[in-house]
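In what follows, a structure is listed as structure tokens, so that the remarks can point back to it.
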Amino acid sequence: MTSPAAAPPRLLTCDVLYTGLGGAQAPGGVVVSGGVVAATGHPDLLRANYPHATEEHVGGVIAPPPVNAHTHLDMSAYDFAALPYFRWIPEVVVAGRARRGVAAALAGADTLARLGSGGVGDVVWSPEVMDALLGREDLTGTLYFEVLGPVPGQADERFRIMREQVEGWRRRERPNDDPRGGLRVGLSPHTPFNLSSRLMRLVMDYAAGEGLPTQIHVAEHPAESELFASGGGPLWENRFAPLYPPTFAEVIGRAPEPGLTPVRYLDDLGVLAARPTLVHMVNVTPDDIARVARAGCAVVTCPRSNAHLECGTFPWTAFAAAGVEIALGTDSVASGETLDVRDEVAFARTRYPGLDPRVIVRAAVKGGHRTLGTRTPFIRRGEAWRDEYVW
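Residue 71 in the UniProt record's numbering is what sits at position 71 of the sequence shown, and the numbering runs on without skipping anything.
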């Protein structure tokens, strides 16, 4: 019987190769010998250098497993629905609340582990879910505990409770480079419009001082821009009124005005200086993009969710031209349909037909790891070959 080490090398070719180093290339190939990577590069060069290799075209992409940089695992038991945003909230999110919680989060985490996810950025809705997920050793990334509170007078008490919870969880977290795996704790002040300006400052100042990573949902739907410009519109009309002060100006601590955007508001408040990761960023202005770039914030786009909820299209090329780090996320299965970032990559390639697919693949891998602060695996000579590199 021929041993694996004595078997002829294999030349695996693909449409896009990303090794984790530098930029991606197209087409690409990897020579595997005895279960170890012998070489990577253009197929023509590999054919010339390894004429005895058995060639096989394995698929569209060879790269380290992609990172799901933004999701909501505790909504993994929801049914998927493509609906306009202001129907989706009541008909899906609110109507399905009984399905949300620990069991759904654990099932979602199991799915990511089975997919071999390169990492996860999960927004955690409840303390019980944080307790359940924090001990997972089969995933790496960050659990961002969600913070809400639009009433200024309640900010200090909400912050006190949050800080006590976070300090307890941090005693259980592992560093992202721990070889055993594990998840670290972060914070997600949910959106610029459902935290008071005082609570937003308290959370972000605390996170910056403690070195906690943060994610904020920003500029997902066009109505968010309308709210900051006028103080009204569909977002304000559809709020849970008893939980909010009488006017939006009381929430943000200033008068809405034409030209005030959610991004400019966060920048004026000093939030962008803490370099939070900004999720969605669909409905933005050139000035918004410039502010994000100057602050050095990363952005996570969720193309399927934005399309399904009719929120618009993330201006990928404009952010890339400004030098902003871009990552990919699935959002929840209720709006993104699956937790597999490979599906997100495939959809993005149709959503952005003029965008080089190498850019999309790099965002799914390197962009995700940079956003979460995790280590990108490399496909290089001498490293063990893993079948999950083919996607």
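Each residue gets a CB set at the ideal place from its N, CA and C atoms; glycine is no exception.
Take residue i as the anchor and find which of the options has the nearest alpha-carbon.
i: H190; options: L148, K366, G34; result: L148
i: F86; options: R47, V124, S335; result: S335
i: E167; options: P242, A98, A207, L199; result: A207
i: A307; options: P27, W385, E220, E91; result: E220
i: W88; options: Q154, L309, A346, T330; result: L309
i: E164; options: G141, L195, T142, V203; result: V203
i: A229; options: E257, I252, G211; result: E257
i: D288; options: R342, W236, E173, S225; result: S225
i: E137; options: G153, V123, V124, S117; result: S117
i: S188; options: L227, F240, P242, V124; result: V124
At the level of alpha carbons, what is the spacing between residue i and residue j?
i: F145; j: L73; result: 12 Å
i: D268; j: F248; result: 17 Å
i: R100; j: M75; result: 5 Å
i: P192; j: L106; result: 29 Å
i: A95; j: E388; result: 37 Å
i: L355; j: V361; result: 11 Å
i: V151; j: T71; result: 27 Å
i: F314; j: E56; result: 36 Å
i: V390; j: P66; result: 11 Å
i: T40; j: N49; result: 11 Å
i: A155; j: V251; result: 11 Å
i: G367; j: G329; result: 11 Å
i: residue 437; j: P64; result: The structure shown has nothing for residue 437, since the chain only spans 1 to 391.
What span of residues does the alpha helix (DSSP H) with residue i cover, start to end?
i: Q165; result: 155-170
i: R10; result: No alpha helix (DSSP H) contains R10, which is instead part of the beta strand (DSSP E) from 10-17.
i: V203; result: 197-210
i: Y85; result: 85-88
i: I360; result: 357-362
i: V102; result: 102-115
i: G336; result: 333-336
Please list the terminal residues of the continuous beta strand (DSSP E) segment that includes residue i.
i: V58; result: 54-62
i: N68; result: 68-71
i: G186; result: 182-189
i: Y144; result: 140-147
i: A39; result: 36-41
i: S33; result: 28-33
i: T317; result: It is not in any beta strand (DSSP E) - T317 instead sits in the alpha helix (DSSP H) that spans 316-321.
i: L266; result: Where L266 is concerned, there is no enclosing beta strand (DSSP E), although the alpha helix (DSSP H) it sits in stretches over 262-268.
i: H280; result: 277-280
Which whole-angstrom value describes the C-beta separation of residue i and residue j, a residue pair presumed to lie in contact below a C-beta threshold of 8 Å?
i: P9; j: V37; result: Going by Cβ atoms, the distance from P9 to V37 rounds to 10 Å, so no, they are not a contact pair.
i: T376; j: T277; result: Wrong, their Cβ atoms sit about 17 Å apart, outside the cutoff.
i: V282; j: G312; result: 4 Å
i: residue 392; j: A69; result: This structure gives no information on residue 392, because the portion of the chain shown stretches from 1 to 391.
Please decide whether residue i counts as near chain C, where near means a Cβ-Cβ distance under 8 Å.
i: I161; result: Reference to chain C is not applicable here, since this structure consists of a single protein chain.
Segment contact flag, the segment 18-31 with the segment 365-383, C-beta cutoff 8 Å, min 3 pairs: Flag = yes, the segment 18-31 and the segment 365-383 touch.
Cβ contact check for the segment 291-307 and the segment 264-278: 3 or more pairs under 8 Å: Contact check between the segment 291-307 and the segment 264-278: three or more CB pairs, one atom from each, fall below 8 Å, which counts as touching.
Sufficient close CB pairs (3 or more, under 8 Å) joining the segment 332-350 to the segment 297-305: Touching, yes.
The segment 78-93 contacting the segment 122-136, beta-carbon criterion three pairs below 8 Å: Touching, no.
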